[in-house]
Amino acid sequence: MDIVNQKILVLAPHTDDGELGCGGAIAKLNKHNEVFYVAFSSCRRSLPKGEDPDILKKEVKKATQVLGIKPENLILLDYDVRDFPRNRQEILEDMIVLRSRLNPDLVFVPSPSDIHQDHQTISEEGLRAYKNSSILGYEMPWNNVTFNTRSFIILDESHIQLKVDALMEYKSQSKREYLNESFVKSLASVRGLQIGVKYAEAFEVIRWIIE
399 MDIVNQKILV
409 LAPHTDDGEL
419 GCGGAIAKLN
429 KHNEVFYVAF
439 SSCRRSLPKG
449 EDPDILKKEV
459 KKATQVLGIK
469 PENLILLDYD
479 VRDFPRNRQE
489 ILEDMIVLRS
499 RLNPDLVFVP
509 SPSDIHQDHQ
519 TISEEGLRAY
529 KNSSILGYEM
539 PWNNVTFNTR
549 SFIILDESHI
559 QLKVDALMEY
569 KSQSKREYLN
579 ESFVKSLASV
589 RGLQIGVKYA
599 EAFEVIRWII
609 E
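For the sequence shown, the residue numbers in this note's numbering are 399 to 609.
Below you can see the structure in the form of structure tokens.
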């Protein structure tokens, strides 16, 4: 089933989460839909001492542009990393403001089984805020104890390459084991194999609305 002429909202707890979880889908869907990307934290508190405190904001701007997201469709918020549960109500209120402004048809959130406290908060509050939208949960294998591969988005080589190119913009995070071309392509190959294609990204169906 094709997704066209829809408003799509990607909720990323931290800069780079959206690219990691659904970067290929963004590259594909952005061609025939309006995609918005919200990063709730630029993780200043996690940066090494002496690092530019705005480095991740600069990198996410470059990364999302690689995926074709318009600069005006990138929204950056400043919640402290690992403190999302304490700021749950404020995060929900921000989401509701975005709902009123955008009225998205499809929302991507972290998987409900993601064990990172910030990711859990965005997943749970996203379900509360976007009751009238379809919602898919994206996977981050290093955080998922379980992951139900209930939905797949078929990707081609160009989508995966754009995902890789976008992630390579995060030079400040280059030491992270999962932020490399081999891992990205291997996971996409495994998900593709499950449905008989070369590449895919898998998602949990949290809510799916058919008109």
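C-beta atoms are modelled at their ideal positions from N, C-alpha and C, and glycine is treated no differently. Values in this document were obtained by computation on a predicted structure and should not be read as measured data.
Under 8 angstroms, do N542 and S511 count as touching if we go by C-beta distance?
-> Walking along the sequence shown from the start, residue 542 turns up at place 144. Walking along the sequence shown from the start, residue 511 turns up at place 113. Taking 8 angstroms as the Cβ cut-off, N542 and S511 qualify as a contacting pair.
From I558 to N428, what distance separates their C-alpha atoms?
-> Residue numbering aside, residue 558 sits at position 160 when the sequence shown is read from its first letter. Residue numbering aside, residue 428 sits at position 30 when the sequence shown is read from its first letter. Cα-Cα distance, rounded: 14 angstroms.
Pick helix, strand or coil for E602, following the three-state DSSP scheme.
-> Stepping through the sequence shown from its first residue, residue 602 is reached at position 204. Here E602 sits in strand by DSSP.
If we count Cβ pairs, one from each stretch, closer than 8 angstroms, do we get three or more for the stretch 474-481 versus the stretch 501-509?
-> no
Can L474 and A437 be called in contact, C-beta distance under 8 angstroms?
-> Taking the first residue of the sequence shown as position 1, residue 474 is located at position 76. Taking the first residue of the sequence shown as position 1, residue 437 is located at position 39. Yes; because the gap between Cβ atoms is below 8 angstroms, this pair is in contact.
Which stretch, first to last residue, makes up the beta strand (DSSP E) that contains I551?
-> As a position in the sequence shown, residue 551 is number 153, starting the count at 1. It spans 549-553 - the beta strand (DSSP E) in which I551 sits, taken as one unbroken run.
Look up K426 in the DSSP assignment and say whether it is helix, strand or coil.
-> In the sequence shown, residue 426 corresponds to position 28, counting from 1. If DSSP states are grouped into helix, strand and coil, K426 belongs with the helices.
Counted within 10 angstroms of its Cβ, other Cβ atoms place G448 as buried (16 or more) or exposed = As a position in the sequence shown, residue 448 is number 50, starting the count at 1. Flag for G448 reads exposed.
At least 3 beta-carbon pairs within less than 8 angstroms: the stretch 526-546 vs the stretch 484-504 = yes
Cβ neighbour criterion (16 or more within 10 Å) applied to K561 = One-based indexing of the sequence shown puts residue 561 at position 163. It is buried - the Cβ of K561 has at least 16 other Cβ atoms within 10 Å.
Quick one: using the 10 Å Cβ neighbour count with 16 as the cut-off for buried, is V495 buried or exposed?
-> Taking the sequence shown and counting its residues from 1, the one referred to as residue 495 is at position 97. With fewer than 16 other Cβ atoms within 10 Å, it is exposed.
Interface flag, S587 vs chain C, CB-CB below 8 angstroms = As a matter of chain content, chain C is missing from the structure shown, which is built from one protein chain.
Using CA coordinates, which residue listed in L445, S439, G422, V402 is at the minimum distance from H430?
-> Counting from 1 along the sequence shown, the entry for residue 430 is found at position 32. Of the candidates L445, S439, G422, V402, the one whose C-alpha sits nearest the C-alpha of H430 is V402.
Can you tell me the Cβ-Cβ gap for G466 and E599, rounded? I've got them flagged as a contact below 8 angstroms.
-> As a position in the sequence shown, residue 466 is number 68, starting the count at 1. As a position in the sequence shown, residue 599 is number 201, starting the count at 1. The pair is not a contact, with the Cβ atoms about 16 angstroms apart (cut-off 8 angstroms).
Could you have a look at V464 and say whether DSSP puts it in helix, strand or coil?
-> As a working mapping, residue 464 is identified with position 66 in the sequence shown. In the structure shown, V464 sits in a helix (DSSP, three-state: H, G or I).
Quick one: what's D512 bridged to in DSSP?
-> Sequence index remark: in the sequence shown, residue 512 carries index 114 (1-based). Note: D512 sits in a beta bridge opposite N542.
N-terminal and C-terminal residue of the alpha helix (DSSP H) that L472 is part of = Locating residue 472 in the sequence shown gives position 74, counting from the first residue. Note, L472: premise wrong, no alpha helix (DSSP H); beta strand (DSSP E) at 472-474.
From V433 to P446, what does the alpha carbon distance come to, in whole angstroms?
-> In the sequence shown, counting from the first residue as 1, residue 433 sits at position 35. In the sequence shown, counting from the first residue as 1, residue 446 sits at position 48. Those two C-alpha atoms are separated by around 32 angstroms.
Have a look at S521 and L500 and give me their C-alpha separation to the nearest angstrom.
-> Mapped onto the sequence shown, residue 521 falls at position 123. Mapped onto the sequence shown, residue 500 falls at position 102. So the alpha carbons of these two residues sit roughly 18 angstroms apart.
Taking P411 as the reference, which of M399, L591, V458, E567 has the closest Cα?
-> Residue 411 sits at position 13 when you count from the first residue of the sequence shown. Ranking M399, L591, V458, E567 by Cα distance to P411 puts V458 first.
For E567, which three-state DSSP category applies?
-> As a position in the sequence shown, residue 567 is number 169, starting the count at 1. It is coil, neither helix nor strand.
Give a yes or no on whether the C-beta atoms belonging to T622 and Q592 are separated by under 8 angstroms.
-> Residue numbering for the chain in the displayed model covers 399 to 609; residue 622 lies beyond these limits and cannot be assessed.
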